[in-house]
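Report on the following structure.
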Amino acid sequence: MNIERINELARKSRTVGLTPEEKAEQQKLRQEYIAAVKMNLRTQLDNIDVQEKDGTITNLGEKYGKQRKH
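Numbered per the working numbering, the sequence shown finishes at 70, counting up by one with no gaps.
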């Protein structure tokens, strides 16, 4: 992930503005970054098991990863 380029475009946007090509690049990089963060979170949830009060074990990836509310 090219976080440096995302930050560089954000700084340039605040100072001198972006060309249409740079705006498109910024949007693409942001979408890629968000997708990577979501994938990382899902992977972490898949590796976490919680023991409930009744003794059952629940995998957080199975419990929360399948829910789509948007």
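Here a beta-carbon is modelled for each residue, glycine too, at the ideal position from N, C-alpha and C.
Quantities reported herein were computed from a predicted structural model and do not represent experimental measurements.
Taking all protein chains shown into account, do 16 or more other C-beta atoms lie within 10 angstroms of the C-beta of residue i, making it buried, or fewer, making it exposed?
{"i": "LEU9", "result": "buried"}
Whose CA, out of the options, lies closest to the CA of residue i?
{"i": "GLY49", "options": "ALA36, LEU29, GLY65, GLU25", "result": "Per the sequence shown, residue 49 should be read as Asp rather than Gly. Looking at the Cα atoms, GLY65 is the closest of the given residues."}
{"i": "GLN5", "options": "LEU60, GLU22, GLU52, THR15", "result": "First, the amino acid is wrong: residue 5 is Arg here, not Gln. If we check each option's Cα against that of ARG5, GLU22 comes out closest."}
Give a yes or no on whether the C-beta atoms belonging to residue i and residue j are separated by under 8 angstroms.
{"i": "LEU60", "j": "LEU45", "result": "yes"}
{"i": "LEU29", "j": "ASN7", "result": "no"}
ask   = What runs of the beta strand (DSSP E), each 3 residues or longer, lie entirely inside the segment 40-69?
value = Runs of the beta strand (DSSP E) inside the segment 40-69: 49-51, 57-59.
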